[in-house]
Amino acid sequence: MSAETAGLKLNRVARQGSLSAHVADQLEALILEGKVKVGEKLPTESQLCDSFGVSRTVIREAMTHLKSLGLVATRRGVGTTVLRAEAVEARPAERISSTTVEDILHVLELRLAMEPAAAELAALRHDAEDRRRLEATHAAFVQAHAEQSLARVEDYEFHHAIARATHNPVFDQLYEQLSPSGIPRAKLLSIDINPAAAARYLERVQEEHAYILEAILARDPEAARETMFQHLNRSRNLYLQYQEN
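Here the sequence shown stands for residues 282 to 526, numbered as in the working numbering.
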C-alpha cells in the first residue's frame, strides 16, 4: 500500500540552508521511525514537490541521499519503495589511513568552495561545444562504471568539462592543476577497496552527475549550484566518517 502525503506530517521547508537536506531529513526520519514501512512506496515526486513547496530538482537530490543510505530504491513505472528501516551507507573502502583521509578532505574543502560556483556559471554560459563535451564526459563515466572501473579519470574529466564551460580561464587552470588525483578514489589503495560497496557508491555518483548535467543544460544556475554542492558535500560527509573511526 502506498503512503499518501495526506497521512504523513511533511513540513514545507524554510528557504535557509540546503533545501534538499531539509527534505531528506524529514523523509529519513519518517522511514527510520516506521511511519513509512519497508515495502511501502513514498509519495510521488509531484506530491512531494507540492507538500514541501520545492522543485523537482530538490526532491531528486533528497532521493539520491536516501538511496545512498540504502533506504529506498526507485524503479521506472513503479516509484520509490522503502527497502530498509536502518541506514547503511555504501563506503568504497574498508579502511583509509588518517593521512589519506586528511588529504582527501582538504581537496574536497577546496572543491566545495569552487565547483558549485563553476556549475552555476556553466549553466549560464555554456555553448554548443560545451554541451557536447559535458554529454560525452558523462557518457564516458557511465561506460566506465558499466565496465566495473572506478572511473577515476572519467570523474575528473566530467568536472573539468564543467570548469571549462564557465568560460573563465582561471577555473579551467585551477582544475587542470587538481588533475585526476583530486578525485578522492584516486587516493585509495586497491587492497582496501570493497568492490560491491564501491559499485553502489559509483551508482550514486553517476546519478548525481546526471542531475548536475541536467541542471546545467537546462540553464538553471540555482539548481546547478545546489546539485553540485550536494554532490561534493555528500562525498565530504562520507570521508569524515573514516576520520571518526
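All C-beta atoms, glycine included, are put in the ideal place defined by N, C-alpha and C.
Should residue i go down as buried or exposed, given a rule of 16 or more other Cβ atoms within 10 Å for buried?
| i | result |
| --- | --- |
| Gly-315 | exposed |
| Pro-324 | buried |
| Lys-348 | buried |
| Ser-283 | At Ser-283, the pLDDT of 39 sits below 50, so the modelled position is not reliable and the matter cannot be decided from this model. |
| Asp-387 | The residue you asked about is not Asp; residue 387 is His in the sequence shown. By the 10 Å Cβ count, His-387 comes out exposed. |
| Thr-418 | buried |
| Ser-516 | buried |
| Ile-377 | buried |
| Ala-368 | exposed |
| Pro-465 | buried |
| Val-363 | buried |
| Leu-391 | exposed |
| Glu-457 | exposed |
| His-473 | Note on identity: in this sequence residue 473 is Asp, with His being the wrong assignment. By the neighbour-count rule (16 or more Cβ atoms within 10 Å), Asp-473 is not buried but exposed. |
| Pro-476 | exposed |
| Glu-396 | buried |
Let me check one thing: in DSSP terms, what residues is residue i bridge-paired to?
| i | result |
| --- | --- |
| Ala-354 | Thr-362 |
| Ile-474 | Ala-374 |
| Ala-322 | The identity of residue 322 in the sequence shown is Lys, whereas the question assumes Ala. The partner list for Lys-322 (beta bridge, DSSP) reads Thr-362. |
Do you know offhand how far residue i's Cα is from residue j's?
| i | j | result |
| --- | --- | --- |
| Glu-495 | Val-317 | 30 angstroms |
| Leu-469 | Phe-333 | 39 angstroms |
| Val-382 | Leu-521 | 8 angstroms |
| Gln-297 | Asp-408 | Only weak support is given to the placement of Gln-297: the predicted model assigns it a pLDDT of 49, under 50, and the value that follows is read from those uncertain coordinates. Taking the straight line joining both Cα atoms gives about 32 angstroms. |
| Ala-366 | Lys-322 | 13 angstroms |
| Val-319 | Glu-507 | 30 angstroms |
| Pro-450 | Ser-379 | 34 angstroms |
| Val-486 | His-512 | 8 angstroms |
| Ser-460 | Gly-351 | 31 angstroms |
| Leu-402 | Leu-455 | 15 angstroms |
| Leu-291 | Ser-336 | 15 angstroms |
| His-490 | Leu-483 | 10 angstroms |
| Arg-413 | Leu-329 | 33 angstroms |
| His-426 | His-440 | 16 angstroms |
| Asp-306 | Glu-488 | 20 angstroms |
| Leu-303 | Ala-310 | Going by the sequence as given, residue 303 is His instead of Leu. So the alpha carbons of these two residues sit roughly 11 angstroms apart. |
| Phe-422 | Leu-389 | 20 angstroms |
| Gln-524 | Asn-518 | 10 angstroms |
| Asp-384 | Gly-360 | 39 angstroms |
| Asp-331 | Leu-289 | 13 angstroms |
| Pro-448 | Arg-406 | Correcting the residue type first, residue 448 is His in the shown sequence and not Pro. Taking the straight line from one Cα to the other gives about 7 angstroms. |
| Val-453 | Leu-313 | According to the sequence displayed, residue 453 carries Asp and not Val. Cα-Cα distance, rounded: 43 angstroms. |
| Glu-326 | Ser-471 | 38 angstroms |
| Ser-462 | Glu-435 | 12 angstroms |
| His-346 | Asn-514 | 11 angstroms |
| Ala-420 | Leu-308 | 31 angstroms |
| Tyr-437 | Leu-431 | 12 angstroms |
Could you tell me how far apart the beta carbons of residue i and residue j are, in whole angstroms, since I believe they sit closer than 8 angstroms?
| i | j | result |
| --- | --- | --- |
| Ile-497 | Leu-415 | 7 angstroms |
| Ser-301 | Ala-354 | Not a contact, Cβ separation roughly 18 angstroms. |
| Leu-478 | Arg-357 | One detail in the question is off: residue 478 reads as Ala in this sequence, not Leu. Not a contact, Cβ separation roughly 25 angstroms. |
| Arg-433 | Asp-411 | The Cβ separation is near 23 angstroms, so there is no contact. |
| Ala-400 | Ile-443 | 6 angstroms |
| Ile-493 | Ala-505 | 7 angstroms |
| Pro-502 | Ala-374 | Wrong, their Cβ atoms sit about 34 angstroms apart, outside the cutoff. |
Can you give, in chain order, each stretch of the alpha helix (DSSP H) that sits fully within the stretch 404-430 and has at least 4 residues?
-> 409-427
In the stretch 451-506, which residue ranges form an unbroken beta strand (DSSP E) of at least 3 residues, counting only runs that do not cross its ends?
-> none
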